[in-house]
Every structure is written in structure tokens, then in C-alpha cells.
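Protein chains in written order, with my numbering: chain D, 61 to 610; chain B, 14 to 199. The C-beta atom is built at its ideal place from N, Cα and C for all residues, glycine as well. One structure is given below, encoded as C-alpha cells.
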Ligand SMILES: Cc1cc2nc3c(=O)[nH]c(=O)nc-3n(C[C@H](O)[C@H](O)[C@H](O)COP(=O)(O)OP(=O)(O)OC[C@H]3O[C@@H](n4cnc5c(N)ncnc54)[C@H](O)[C@@H]3O)c2cc1C
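So this is what it looks like as C-alpha cells:
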């Protein structure tokens, strides 16, 4: 029993929140092991295929909850492998939000200004392109033109995509076959591995217990490589410091399951979940009106009919990202692509009784190439709560891959619903003008609301009653456990979250290094960007020094 | 003529799939397909093949699903005074609009079995919109009714999609005046 494996730092999850600390700690000299529940795929394994069992279902996770379903990555690289790579920074007012707790939700130490150097560190590490109009897909161009036609602005969205390698196949959710997407597999993770970090796929962490010397023991199960419903053994690793980054739909579940052995968890563990206020609308375009009203032509006789073409979101409307507007009335409207399989069932066919199935829906599907999907990110009310954990992982797995039933319950408040209604009305206003399109929202009745941006289920803050972590991301009452993924973000951001999750993870590293040093680990803070660039490190140095001191 | 338990199950599940994405009758004796649409629907798309595949997680429960659906349909028929032929599975015996009304009930928020029915109809639907039981390129080549109706283009010879033209290629709106140097909102 005394041959338990030991490491300095154990990282749970290999998405943004896991890969970033793993890199810095390994580069600083710590022994780092990363446990990831999903498989590890090479570029050549990313398939353009909707068949169950292809990369699309191997690396993807769809957890159905009560009132909210969550989509996310399930592989080495986490969400960065399946995501759409839009990487905007969050607007200034977001950090001043009060939300459901009626006082500032973010820690006093964090504002857009104080986070800026950490955003810069991420921008130096993950190659982000400021897309030009020549990069913008037909769908993005159409959205821009419709926004302009209704007197609005529209922005090409900064994206972690190498546009020179991108073929606009819109298969981003199955992993990028062309190495155009700048996932964590091309920056932080290989750099972490080069510094000795070990990444172990198909290792699903179940719980954490304490060791007599104040460290932690992390218990995992080995997941079958093809049928994720099955496990093939289990093990444990002891570590001095644990970095928990399993994503906002999984991190609180691991902590809840650990509560019996670890002792009471902060109240906010598994509460205050936000879906980043996400909601989708489908516009079915009238091709003639697109030509006549907006003057758009593809050059091959078609005006649009290009739903299938592109690289996820390329253009967003940010007119309502205005700090002088009241909370819950600020949102962005972003053009998006969602593939069949998950992306069409929830679309509602217009009519006296909008419906997701039947003859009317079938007719709507026949016009699929003329669809334009608009993605709203409103300010929600952090209304998600996790029930008691399932037997394993964060869901009872139903299908061999991808589909499971979790314990998240989300009952949107009147405030959230009003914000959605307002954004729905604006989408309609923009796209139904002059007969351009028919717009309907996705139904929330089937699998509840739907998010690819889970946040806030184990959040940072200054108030111990409404935040699980202090402003250095350490779990209250459990020193040496840090949470650095989307669950640490206090609330909805009104823009895509990966850039902010990453900046917070960068910012959390100095305190993790300090905690490791206190526990006798010889580790230094101060690694450059994964490619060796140092400008970001220099700019963040004064802030890092303060965080190292605590 | 009374059908075997296996036939009853297949007809019932086909009738369900046909309710989700309807198609044309396959012949004069086809009772499962209601025939409210002229082009191939979920049944022609291979819904039964997908449901029977154990990767879905529903394949082991199809007997129970069919039995339960017919019980619900029997209750629905009684409640609405619809006379159903004893020899026909109750769900199959319902006209299309009543099948659809029952599906709406079973998948509505608050129905105690909602999660189970949503799962089943999800796969019925996916057989049509993404042919999740087939390699996508093969399905398109074979004229899969859903992928074809949606107009999904053929991939290149290596099975990968590439679009050489993707952009109108010109400015189509003014960016927000407060955009920062990094291209983000202020
Ligand atoms: C289709 C899609 C498109 C998206 N597009 C964008 C976009 O354009 N821009 C943007 O900003 N964001 C986007 N997102 C969201 C973005 O991917 C997430 O916000 C981000 O990945 C969250 O980072 P994270 O570190 O919190 O968790 P993740 O990246 O989800 O990483 C968590 C990792 O932990 C693993 N894990 C979970 N449980 C366990 C366990 N018990 N043991 C071990 N490992 C575990 C998971 O498999 C996963 O790899 C998108 C998401 C999806 C699904």
C-alpha cells in the first residue's frame, strides 16, 4: 500500500484552465501530472463524419440537465479542440456586474485594467488573428450587412485560427484536420510536455481525499477507449498541490463527491452556475431578398445559401455592450455555425404553433443552406445548481460516447428570460426587416437551455458566502486546492469566455507556485510564453510579484 | 391480422420516427408511415438502424419503449374517443396529428417520462439530419434522404470538405467605434 504514486502538482483536466497552469508549473521546475478523462487524438484522427464513434463523438460531451444542457470537450486539450476559437476580451462593465447577489460579484482585485496584462500573456501564447473582411465567411458577411442595413455596427471577431491554413470546412467541432485552429495542442500543452509534464488521457478523476501530511490523494478511474460507459481499473496519485480544471460542468461535481472525506465545501461549490446567457436563434433567409435588399452575391449566381461554409463565428454585433446600459440589457449577437446532429433539432419551424418536428420542420430543413444562426450572450442570473453527484464522472453516460445525464438544474429567472426576450426581439428586428428572413429562437423545452459556455459553478470572489474561491483561486477551507477553469469565472461575460478563462488561469499561476513552494516544491514563477516570447511576462511581472507574496 | 411482437415493435418505432420527420408510405400495406410527406423522412433515412445500434444507449430498451408508447397511445385514444383497430398497435393506429399531439405531450416540460422520450426522438431525428449510423460521405453518395434534402455538399475525394470560396471579401459594416487595438470590445 505504500507504493502510491506521488507528484508535486496534479492537474485535473487539460482544457484552458488545466493546460495553462500545467505549462507554467512544469516550466518552473515542478513535477506535473495532468489527468484527462477523454482520449488524446492526433490531427490525422479528426474526421469529417457524423457517424457515432467518429472524432465528433469521441472528443465531445453533451450533458443533459434539468433545464440546461452543457456541451464541452472531452479530450486532451479540452474545449480548445472542439471550440470555435472566437477570442474576444470581456468588456469593462462585466467586471462591475452585481448580478443576483446585488453587489459587485468579481473580487475587488480584478477589473478589465488589472486583467489586461494577463490577457496579453494569453495573446502572446495562443496565436489570435484579427480577422479581416476577406476572412469573414458568407454567413458572417450576411450578418454584418444585415446589421448595417438596420443602422448597427458589426465586428469581425478575433479568432485563434490560422486563416492561411483554414479551408472553411466548418468541422471545427470535430477537431481541426488542417491545424488551422490554434488549440492548446499547439502551444501550452506541447510546451508543458517538453518541460516534463505527463498528460494521461482516459483518466477520469472521481474524488480527492487528504493525506496525513497535508497533501491530497486524487482518485481516478480508467475509461474504456471506445465505450466511455465502461471503466477498466482505477488508481490514485498523491500530490502536494491540486489544480482542478475539469470545466464548470464537472469541477463542482468532483468536489461534491469529495466532501465526505475532505470536509465541508464552501456554499458556492455547485451553485451560481451560469450558461453565459447563451441562446440561439435561427434565421431562414429569403435568397432573393438577400440579393435585392443587401446587394449580396457570391459570384456563382447565389446570393447566400452558404450555411455549411465557414469557420464558426466570424462577425458579432456589439452595440449593446455599453456600460451605461442597465444590467441584464447588455448582450452581444454573434453569427455562428452549428452542425447537424446537435444543431438543428432545437430550431423551431415558424407558424402559429412553432414546432421542432413534423412536416413544417422538415420543410425548414430543406432550406438548411439558407440558415443563419445567431448566438446571443446575455447576462443571466447565475441560477444553476448541481444536485448530488452521480456514481461516476459528472453524468450517467447513456450512449457509448458524448451523451449523458447530469445533475445540473437551471430554472431561468424572470430577469434572464426578459434578457433573452429582448435579444430575440432584436434578432428579429434586424433579420426580418424588409423580408430578409424568418427568425425563430431555439426551443428550451426539449433539453432545456443549451450552453457551450458553462461558467461560475465554483467561483472566485471576496464574499465567502457567494464565492467558493478566494481571489487567488484557492478553494476556501482547503488550502492547496486551486480551481482555474470556467467554473472560477463569477458570471456571464456577454462575449465568448475562453480568453477570459485563460487570462484568469494565467493570473492564478503565481499563487499556485507560491503554494507549491510553501509545501517544499522547488518551483519558480516566470516562464516565457510557450514559444519563448517574453514581452507578456515582462508586462505582468509587477502584478505577478504581488500575487506570489499573497 | 395480428402481427408478431417483433413486427409490432418495428411498426411502432417506425411510426414514431415518421412522426418526427415524416415521409411517404412504402406501399399499400404500410401502416407505420402516415404518409403526410412526399419525400423520404426519418424511416427512409434509417432511423431503425440507428435505434438498434448499441452505441446509442437506447437499443436495449426498444421493446419497453414500443410497449410503453402503445400504452400511452391507447390511453390517448380512449381519452379522445378515437376508435382504434384491435389488430394494430395503438400508436400506429392513430392518425398523424394525434401521433404528433402525443409526442408533444410525452416530451413536454413536466412530463415524468420526458427525459426518456426526448432521448428516443433525438435519435429518430438524428437519423435524418446527420445520418449518425452511417459514414457521412457514404450516406451522401448513396442519396441519404436527410442529407440530400438539406443540400449538404459532397466532400473532396479524400472525404474532407474544403471550400475554395467562402467570403464576400469586402467590408460589409462599420466596426463598433469603441473596438480596442486587440479587436475586442472596450
Ligand atoms: C462547440 C463549442 C464551441 C465553442 N466556441 C467557443 C468560442 O468560439 N470562443 C470561446 O471563447 N469559447 C468557446 N467555447 C467554450 C470554450 O470551449 C470553453 O469555455 C472552455 O473550453 C472552457 O475551459 P475550461 O478550462 O473551463 O474547461 P474545458 O476546456 O472544458 O476543459 C475541461 C477538461 O476537463 C476534462 N474533464 C472533465 N471531467 C474530468 C474528470 N473527472 N477527470 C479528468 N478530466 C476531466 C474534460 O474532458 C476537458 O478536457 C466553445 C465550446 C464548445 C463546446
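Practice task
Give the residues of chain B in contact with residue 218(D), contact being defined as C-beta atoms less than 7 Å apart.
Solution key: 195, 196, 197
Handout entry: Span separating the alpha-carbon of residue 103(D) from that of residue 236(D)
Key = 7 Å
Exercise for the section: Check the Cβ of residue 142(B) against every Cβ in chain D and list those closer than 8 Å, keeping chain order. Expected result: 400, 401, 404, 405, 425
Handout entry: Close beta carbons around residue 61(D), own chain, < 8 Å, minus the five adjacent residues each side
Key = Residue placement at residue 61(D) is flagged as unreliable, the pLDDT there being 48, under the threshold of 50; the coordinate-derived value follows with that caveat. For residue 61(D), where only same-chain residues beyond five positions count, there are no Cβ hits under 8 Å.
Exercise for the section: Please report how far the alpha carbon of residue 404(D) lies from the alpha carbon of residue 184(D), in whole angstroms. Expected result: Looking at the two C-alpha atoms, the distance is approximately 36 Å.
Handout entry: Cβ-based contacts, 9 Å cut-off: residues of the segment 56-87 of chain B near chain D
Key = 63, 66, 67, 68, 69, 70, 71
Practice task
Please confirm if residue 198(D) has its CB atom under 8 Å from at least one CB of chain B.
Solution key: yes
Exercise for the section: Evaluate residue 602(D) with the Cβ neighbour count: other Cβ atoms within 10 Å of its Cβ, from every protein chain shown; 16 or more gives buried, anything less gives exposed. Expected result: exposed
Handout entry: Selected residue, minimal CA-CA separation from residue 518(D), among 300(D), 77(D), 281(D), 262(D)
Key = 77(D)
Handout entry: Members of the segment 505-534 of chain D near chain B, C-beta cut-off 9 Å
Key = Taking 9 Å as the Cβ-Cβ cut-off against chain B, the residues of the segment 505-534 of chain D that qualify are 505, 506, 507, 508.
Handout entry: Nearest-angstrom Cα separation, counted from residue 544(D) out to residue 561(D)
Key = 8 Å
Practice task
Name the residue from 551(D), 432(D), 549(D) whose alpha carbon lies nearest to the alpha carbon of residue 492(D).
Solution key: 432(D)
Exercise for the section: May I ask you to verify whether the segment 454-467 of chain D touches the segment 284-304 of chain D, counting CB pairs closer than 8 Å and requiring at least 3? Expected result: yes
Problem - Heavy atom of ligand 1 within 7 Å of residue 512(D) beta-carbon - result: yes
Practice task
Might you give, ordered along the chain, the residues of its own chain that have their beta carbon closer than 8 Å to the beta carbon of residue 199(B), omitting 5 neighbours on each side?
Solution key: 191, 192, 193
Exercise for the section: Verify the CB distance criterion: does residue 120(B) have a CB-CB separation below 8 Å to chain D? Expected result: yes
Handout entry: CA-to-CA distance, residue 319(D) to residue 429(D), given in whole angstroms
Key = 49 Å
Handout entry: Check: residue 65(D) C-beta below 7 Å from any heavy atom of ligand 1
Key = Here the distance from the Cβ of residue 65(D) to the nearest heavy atom of ligand 1 is not below 7 Å.
Exercise for the section: Select from 489(D), 473(D), 496(D) the residue whose C-alpha is nearest the C-alpha of residue 127(D). Expected result: 473(D)
Exercise for the section: Would you please verify whether the beta carbon of residue 235(D) is less than 8 Å from any beta carbon of chain B? Expected result: no
Practice task
Have a look at residue 272(D) and residue 92(D) and give me their C-alpha separation to the nearest angstrom.
Solution key: Rounded to the nearest angstrom, the two C-alpha atoms are 21 Å apart.
Exercise for the section: Within its chain, find whatever has a CB closer than 6 Å to the CB of residue 57(B); leave out the 5 residues flanking it on each side and keep chain order. Expected result: 36, 158
Problem - Rounded separation between residue 330(D) and residue 278(D) - CA only - result: 19 Å
Handout entry: Start-to-end residues for the beta strand (DSSP E) that takes in residue 374(D)
Key = Counting along the chain, residue 374(D) falls outside any beta strand (DSSP E), and DSSP gives it neither H nor E.
Problem - Any non-hydrogen atom of ligand 1 within 7 Å of residue 509(D) CB - result: no
Exercise for the section: Answer with buried or exposed for residue 254(D), where buried requires no fewer than 16 other C-beta atoms within 10 angstroms of its C-beta. Expected result: Counting the other Cβ atoms within 10 Å of the Cβ of residue 254(D) gives fewer than 16, which makes it exposed.
Exercise for the section: For residue 372(D), collect the residues of the same chain with a Cβ closer than 6 Å to its Cβ; drop the 5 residues on either side in sequence, then sort them by chain order. Expected result: 144, 232, 397
Handout entry: Test item: CB-CB of residue 341(D) and residue 500(D) under 8 Å
Key = yes
Exercise for the section: Please indicate yes or no: does the CB of residue 124(B) lie closer than 7 Å to some heavy atom of ligand 1? Expected result: The answer is no for residue 124(B).
Handout entry: Residue span of the alpha helix (DSSP H) that contains residue 561(D), given as start and end
Key = Segment 558-578, the alpha helix (DSSP H) holding residue 561(D).
Problem - Test item: CB-CB of residue 203(D) and residue 395(D) under 8 Å - result: yes
Problem - DSSP state of residue 437(D) mapped onto helix, strand, coil - result: DSSP, read as helix, strand or coil, puts residue 437(D) in strand.
Exercise for the section: Give the secondary structure of residue 199(B) by DSSP, where H, G and I count as helix, E and B as strand, and everything else as coil. Expected result: coil
Exercise for the section: Spell out whether any CB of chain B is found under 8 Å from the CB atom of residue 284(D). Expected result: False, the Cβ-Cβ gap to chain B never drops below 8 Å.
Exercise for the section: Could you check the C-alpha separation between residue 305(D) and residue 86(D) for me, to the nearest Å? Expected result: 16 Å
Exercise for the section: Over the uninterrupted alpha helix (DSSP H) stretch that includes residue 316(D), give me the two end residues. Expected result: 311-322 is the extent of the alpha helix (DSSP H) around residue 316(D).
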